[in-house]
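Numbering (the working numbering), first residue to last: 1290 to 1597.
For each residue, glycine too, the CB sits at the ideal point set by N, CA and C.
Take a look at the structure below.
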Ligand code: SF4
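This is the structure:
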């Protein structure tokens, strides 16, 4: 029995029911979306072209597994060196056909950041292909279908990046789940041993409260509990396990605004989550406020984006 704080059986059962509905919704939305169907087909074609007769992968024909997320100057955070954050961008929820997000909700699936920035659906090339979405789907296929080769390749890319940045005196941090929520801490422990050995901080936003409770690498794998419209009942549990609470709000987040938020009767000071993404540098016991992003943010009717 997991150690949830202040939750009764009925609340837990309601959460499970709503969660199940969200999975069915996200699967159906992905399987019937022509944009996603086309991207899946293109991803499969590219991947098939990269598989050699002996089953090995010709990595030069495929996108890199890790990509740069953010570069931060040391004075932004008071760090001793500049920092570059790399991450693994899989395709979220059921976009690839595989589910990568156990803790999803209808609101977060609708507004997932996968489809903002370079992921916006209109950003296709002259052949009508969305190369960013295709790359994320290819990585997801690789993770589920070629796991051992995937792991070896990711560690290789990370080591190269570490060496390159070290030669420039830049620190590296790594975010394994940029648009996904895979339990890498259980399924890819080699990654965590590698990052521990090279002193690379790891962090993620996490919706699945069980991952927070069971995090085996608490010392250097920083988790921020990520609120959706359906999971605020786990806030006390997340706080007990030392996590901050990320929340998407309907107003622009400025440096001192909002100063505090109250959710489910729990009031905490606020950190501006839009200022940078280095969550592992945040002080504890805070809400991390993020402003709603993407063209669909204004149309959210699920309460995923909270009104403040
Ligand atoms: S759990 Fe995170 S990555 Fe997955 S659909 Fe929701 S917001 Fe996107």
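Contact holds between the region 1491-1502 and the region 1510-1518, because three or more Cβ pairs, one in each stretch, are under 8 Å apart. Around the beta-carbon of residue 1294, fewer than 16 other beta-carbon atoms lie within 10 Å, marking it exposed. Scanning 1389, 1367 and 1434 for the CA closest to the CA of residue 1465 turns up 1389. Rounded to whole angstroms, the Cβ separation of residue 1340 and residue 1358 is 29 Å, and the two are not in contact under 8 Å. For residue 1294, the secondary structure class from DSSP, reduced to helix, strand or coil, is coil. Here residue 1380 is near residue 1425, since their CB atoms are less than 8 Å apart.
Your pair residue 1296 and residue 1557 does not check out as a contact, with CB atoms roughly 19 Å apart and the cut at 8 Å. The bridge partners DSSP lists for residue 1463 are 1375 and 1491. Residue range 1436-1456 is occupied by the alpha helix (DSSP H) that includes residue 1456. Following the DSSP letters along the chain, one finds residue 1360 inside the beta strand (DSSP E) bounded by residues 1355-1361. At least one heavy atom of the ligand SF4 lies less than 7 Å from the C-beta of residue 1398. A direct Cα-Cα distance of roughly 37 Å separates residue 1330 from residue 1534. Per DSSP, residue 1398 lies in no beta strand (DSSP E) segment; the continuous alpha helix (DSSP H) that holds it begins and ends at 1395-1400.
Going by DSSP, residue 1556 is part of the beta strand (DSSP E) stretching over 1555-1561.
Boundaries around residue 1475 are those of the alpha helix (DSSP H), 1473-1476, since no beta strand (DSSP E) includes it.
Taking the CA atoms as reference points, residue 1487 sits about 43 Å from residue 1298. Proximity of the beta carbon of residue 1470 to the ligand SF4 is indicated: a heavy atom of the ligand is located closer than 7 Å.
Residue 1549 holds the alpha-carbon nearest to the alpha-carbon of residue 1597 among 1567, 1549 and 1586.
Take the alpha-carbon of residue 1483 and the one of residue 1490: they are about 11 Å apart. Ranked by Cα distance from residue 1508, the options 1481, 1526, 1524 and 1519 are led by 1481. Rounded to whole angstroms, residue 1474 and residue 1582 show a C-alpha spacing of 28 Å.
According to the DSSP secondary-structure assignment, residue 1470 is paired through a beta bridge with 1390. Under the criterion of beta carbons closer than 8 Å, residue 1361 and residue 1565 qualify as touching, at roughly 6 Å. According to the DSSP assignment, residue 1332 belongs to the alpha helix (DSSP H) that extends over 1323-1338. Boundaries of the beta strand (DSSP E) harbouring residue 1551: 1549-1552, taken from the DSSP string. Sorting 1432, 1397, 1506 and 1369 by C-alpha distance to the C-alpha of residue 1382 places 1397 at the top. Between residue 1392 and residue 1470, the CB-CB gap stays under 8 Å. Leaving aside the five residues that flank residue 1524 on each side, the residues in its chain whose CB is nearer than 8 Å to its CB run, in chain order, 1514, 1516, 1534, 1552, 1553 and 1555. Shown here for residue 1405: same chain residues with a beta carbon closer than 7 Å to its own, the five before and five after excluded, namely 1582 and 1583 in chain order. Where residue 1513 is concerned, the enclosing beta strand (DSSP E) starts and stops at 1510-1515. Closest option to residue 1588, judged by alpha-carbon separation, among 1539, 1543 and 1349: 1539.
The beta carbon of residue 1491 sits no closer than 7 Å to any heavy atom of the ligand SF4. Beyond the five residues adjoining it in sequence on each side, residue 1421 comes within less than 6 Å, by CB distance, of 1407 and 1408 in the same chain, given in chain order.
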